[in-house]
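What follows is a set of notes on a single structure, which appears directly below.
There are 2 protein chains.
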Amino acid sequence: MIADRHTAREMLYASLGKPETEKISVRESYGRVVAEELRTDRDYPDTRKSAVDGYAHIPGHDSYVLKGLTGAGRKGPESIDGKETVFVMTGATVPDGALCVARVEDCVGRDGVITIPDMSAGENINKVGEECYKGTVVATAGSVIHDGLFPVLFYLGKREIEVFRKPKIGIFVTGDEILEIEDDFKRGMVFNTNKYILESFFNRFGFDYEYYGHVKDNRDDVVRAFDEMSSKYDIIISSGGISMGKYDFVKDVFKTCDYEILFERTRIKPGSPLMLAKKSGCTFIGMPGYPAALTTNLLFYVLPALRKAYGEEDNEFKIVDVVMRTETRAKEGRFELNRAILDVEDGRFYASDAGTQKTSHYNSFASVNGLLLLDEKTGSLVKGDMAKALLVRV
Amino acid sequence: MIADRHTAREMLYASLGKPETEKISVRESYGRVVAEELRTDRDYPDTRKSAVDGYAHIPGHDSYVLKGLTGAGRKGPESIDGKETVFVMTGATVPDGALCVARVEDCVGRDGVITIPDMSAGENINKVGEECYKGTVVATAGSVIHDGLFPVLFYLGKREIEVFRKPKIGIFVTGDEILEIEDDFKRGMVFNTNKYILESFFNRFGFDYEYYGHVKDNRDDVVRAFDEMSSKYDIIISSGGISMGKYDFVKDVFKTCDYEILFERTRIKPGSPLMLAKKSGCTFIGMPGYPAALTTNLLFYVLPALRKAYGEEDNEFKIVDVVMRTETRAKEGRFELNRAILDVEDGRFYASDAGTQKTSHYNSFASVNGLLLLDEKTGSLVKGDMAKALLVRV
């Protein structure tokens, strides 16, 4: 079962479905995804406020009698009449009756008598509701509560907020060749990297994941892992072994565990092995074992799908135009995602080939921040060519 | 003391200086900044590895005798000779003597005798050091340990890593008009927003900050805050009041506390009040009180400066070309940073004016992800114009 990349994405999206919602304290909401339309509960501003430090007054006179002082949050005289004036700070509520505020630097004050130049009604007063009226939509369902939206929730005085529940993700890695960095290195082995790739990106998006562990390549251990994880997690993600038919017990394991396999490979390079399987309430995503193949599948398919499953409306990485600073090699007739280092010069993105595109190589991901999308008709590119790149990090 | 924007940035950078370094466990290093040149400790791969599942052999014969099986991490026969073959898994070490690996699907096996088609030496073998040799630089000092680099450190088998120390930041907000969201709203007051703006962005960049609290607008409380914080933090950041000369005791406070004022305003809109002051070992950054003015200064000056102070080499937000989807208004003769909502269509960035650019308005930051940089010669733009935008979030 090989899926083309569009079908694979649709099947992934469909199998993960829509999350439920829950109400949480705004203080706990950083990184969550809004599940309601957020509206203002009052007019902004809710009173007429001074835009400057100066004298609130009714124009038409030369000199005024100073009645008092109002700060933002410090109460002063609530109204004025005739030739009265109140000194108001920036952000302070302008007293009733006043029609404008003269800047302090334009006025002369002596013995409580203030000389104010002529000005028009409305000057230097921020009107009630001028920013927005009560009931204005500030964010829609599907918005991430990021460093832009989070403080706005406080500005709005929201105490609780409806967000999407986080699907629970269980991770395991397979492979008898896997060491942990605390182990002594043995010739021909590799250090566990895939756990940290998954965790790093899941941390970026605030996913709720647990590391189940490192499962050895044998039937019983894999069946046990599936049995235990299926009841505990909404989504199970593995790396390596499983999807390769390596010891040829995989399909049998899926049958034993009641999983239906939706696809086993997709037409991309690197990393064509990507398995999607499902049973009621649990989706399994089997990812390839080579770190570069795992990362590519994560960026191209799995992260967008998980972000959608977490309720995010704008769930895909952006695809931007880039100018090639170097050549990059690819074969026509297949879809290749070449690792690239993107930089911005004078407003435009440029891309440099990361040096090697072999599936078994991985070190360049230390600085790779984009994947060139080279479709079936593109093939190799030379310096100066235009291309499209998935913008992973900026 | 008004600084132009270039001088202000230089003074900020200079006053924050370069951080010290420390050695930490790689497991604790996510989000930190590398302070050394990171090199590989061995060749990658360190043994000849099979690129496919298949038969390792010496070409030149038709049929071979199966000597055993080698998995990645499962030891099999260590060498072959003549007409011997070993079945090797993808990623497994190829036995000594073997010159190539034939794909299993191209061979026929019966009773331990394998028929292998003719092929050339080297085929399907990943050579020792082909990804990189021992001593290759994978990351340089100043690189952030992000979701790309973090897993690479594990791939490299690094247990400890030299990183920059994190300067300690203390935050306080001022203003008698500030309520917390647990308080009942009072007419004319505003909810504390600036604390959450600072915290949200500081979280994004992994800064080490503490919230000192909300300081009331009076001389004694401000002096006490400065005294206590100067000995505790490398950098003090405040919002509101202080830099406005509101109750006119600010300069006096700075004298009492032995701070030298470097500048009090910079030539940008919104948010010209930005104060930089210094005493030995402590830098004070006084930010404006309006949330929009605070955010603009944070994005334009303070975050890049702090990222540099944390050791980051690539410490500035990217500035990208955008096509205006709407008009945006600005005055020629001054530098304005207009709030915009950026989107990407067919590879290009487009910008829509956020609707209002008044300093006292803030709600649009819920979706603002870019600031249009409108310099002294630019003025207003109309739909279809090109502009430069600070890319805050993508």
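Quick note, the sequences are listed as chains A and B, same order.
To convert, note that position 165 of the first sequence is 165 in UniProt numbering; the numbers rise steadily by one, no gaps.
To convert, note that position 379 of the second sequence is 379 in UniProt numbering; the numbers rise steadily by one, no gaps.
Built from N, CA and C at the ideal position, the CB exists for glycine as well.
Note that this is a predicted model, so its numbers are computed, not measured.
Output the boundary residues of the beta strand (DSSP E) element that contains residue i.
| i | result |
| --- | --- |
| A:PRO151 | Unbroken run through A:PRO151 is the alpha helix (DSSP H), 149-155; no beta strand (DSSP E). |
| B:ASN203 | B:ASN203 -> not in any beta strand (DSSP E); alpha helix (DSSP H) instead, spanning 194-204. |
| B:LEU372 | 370-374 |
| A:TYR13 | Not the beta strand (DSSP E): A:TYR13 falls in the alpha helix (DSSP H), residues 5-16. |
| A:SER25 | 21-25 |
| A:ALA35 | Per DSSP, A:ALA35 belongs to no beta strand (DSSP E) and is neither H nor E. |
| B:GLY286 | 282-287 |
| B:GLU160 | 160-164 |
| B:ILE145 | Looking at the DSSP string, B:ILE145 is not in any beta strand (DSSP E), and its letter there is neither H nor E. |
| B:ARG110 | 108-110 |
| B:ALA121 | No beta strand (DSSP E) contains B:ALA121, which DSSP labels as neither H nor E. |
| A:ALA330 | Premise fails: A:ALA330 is in no beta strand (DSSP E) and is neither H nor E. |
| B:VAL138 | 137-139 |
Go through its chain and collect everything with a Cβ distance to residue i's Cβ below 7 angstroms, but skip five positions before and after it.
| i | result |
| --- | --- |
| A:TYR247 | Bear in mind that a pLDDT of 49 at A:TYR247, under 50, signals an unreliable position, so the model cannot answer this. |
| A:GLY213 | PHE172 |
| A:TYR30 | ILE145, PHE150 |
Drop a sphere of 10 angstroms on the beta-carbon of residue i, count the other beta-carbons inside from all chains shown, and report buried for 16 or more, exposed for fewer.
| i | result |
| --- | --- |
| B:GLU336 | buried |
| A:ALA121 | exposed |
| B:VAL137 | exposed |
| A:VAL231 | Inspection of the sequence shows that residue 231 of chain A is occupied by Ser rather than by Val. So A:SER231 ends up on the exposed side. |
| B:MET229 | buried |
| B:THR332 | According to the sequence displayed, residue 332 of chain B carries Glu and not Thr. Exposed, by the Cβ-count rule. |
| B:VAL108 | exposed |
| A:GLU10 | exposed |
| B:ALA35 | buried |
| A:LYS166 | buried |
| B:MET244 | Caution applies to B:MET244, whose pLDDT of 49 falls short of 50 and renders its modelled position unreliable; the value that the coordinates give is listed next. That one is buried. |
| B:THR378 | buried |
| B:ALA98 | buried |
| B:HIS6 | exposed |
| A:ARG339 | buried |
| B:ILE2 | exposed |
| A:ASP353 | buried |
| A:PRO117 | exposed |
| B:ARG48 | buried |
Pull the bridge partners of residue i from the DSSP assignment, please.
| i | result |
| --- | --- |
| B:CYS100 | B:HIS57 |
| A:PRO273 | A:ARG265 |
| residue 395 of chain B | Nothing can be reported for residue 395 of chain B, as the shown portion of chain B is limited to 1 through 394. |
| A:ASN126 | A:LYS49 |
| B:PHE87 | B:TYR55, B:LEU69 |
| A:MET386 | A:VAL323 |
| B:LYS338 | According to the sequence as given, residue 338 of chain B is Asn; it is not Lys. B:ASN338 is bridged to B:LEU372. |
| B:GLY170 | B:GLU210, B:ILE236 |
| B:ALA354 | B:ALA354 is not bridged to any residue. |
| A:PHE349 | A:VAL344 |
| B:ARG42 | According to DSSP, which records beta bridges pairwise, B:ARG42 is partnered with nothing at all. |
So, at 6 angstroms on beta carbons, what are the nonlocal neighbours of residue i in its own chain, with the 5 sequence-adjacent residues on each side left out?
| i | result |
| --- | --- |
| A:ALA92 | SER50, THR70, GLY71, ALA72 |
| A:ARG32 | ILE145, VAL163 |
| B:ASP53 | MET89, THR90, VAL104 |
Am I right that residue i and residue j are in contact with their C-beta atoms under 8 angstroms? What's the rounded C-beta distance?
| i | j | result |
| --- | --- | --- |
| A:THR174 | A:ILE235 | Actually they are not in contact, since the Cβ atoms of A:THR174 and A:ILE235 sit about 17 angstroms apart, beyond 8 angstroms. |
| B:VAL222 | B:VAL190 | B:VAL222 to B:VAL190, Cβ: 20 angstroms. No contact. |
| B:ALA292 | B:TYR362 | 5 angstroms |
| B:ASP147 | A:ARG204 | 5 angstroms |
What residue range is occupied by the uninterrupted alpha helix (DSSP H) comprising residue i?
| i | result |
| --- | --- |
| A:ASP252 | 250-256 |
| B:LEU299 | Counting along the chain, B:LEU299 falls outside any alpha helix (DSSP H), and DSSP gives it neither H nor E. |
| B:PHE226 | 219-230 |
| B:ALA305 | 303-309 |
Output needed for residue i: all residues of its chain with C-beta closer than 8 angstroms, excluding positions within five of it in sequence on either side, in chain order.
| i | result |
| --- | --- |
| B:TYR350 | VAL322, VAL323, MET324, ARG325, LEU342, ASP343, VAL344 |
| A:VAL26 | LEU153, PHE154, LYS158, ARG159, GLU160, ILE161 |
| A:LEU156 | LEU38, THR40, ASP41, VAL138 |
| A:ILE169 | PHE202, PHE207, ASP208, TYR209, GLU210, TYR233, ASP234, ILE235, ILE236, ILE237, LEU306 |
| B:LEU16 | PRO167, ILE235, THR283, ALA305, LEU306, LYS308, ALA309 |
| B:THR140 | VAL34, GLU37, LEU38, GLU313 |
Relative to the ligand MN, is the shortest distance from any of its heavy atoms to the C-beta of residue i smaller than 7 angstroms?
| i | result |
| --- | --- |
| B:PHE172 | Although the ligand MN was asked about, the structure shown includes no ligands whatsoever. |
Members of the region 131-147 of chain B that neighbour chain C once the beta carbon cut-off is set at 7 angstroms: Annotation note: the requested chain C is absent from the structure, which comprises protein chains A and B.
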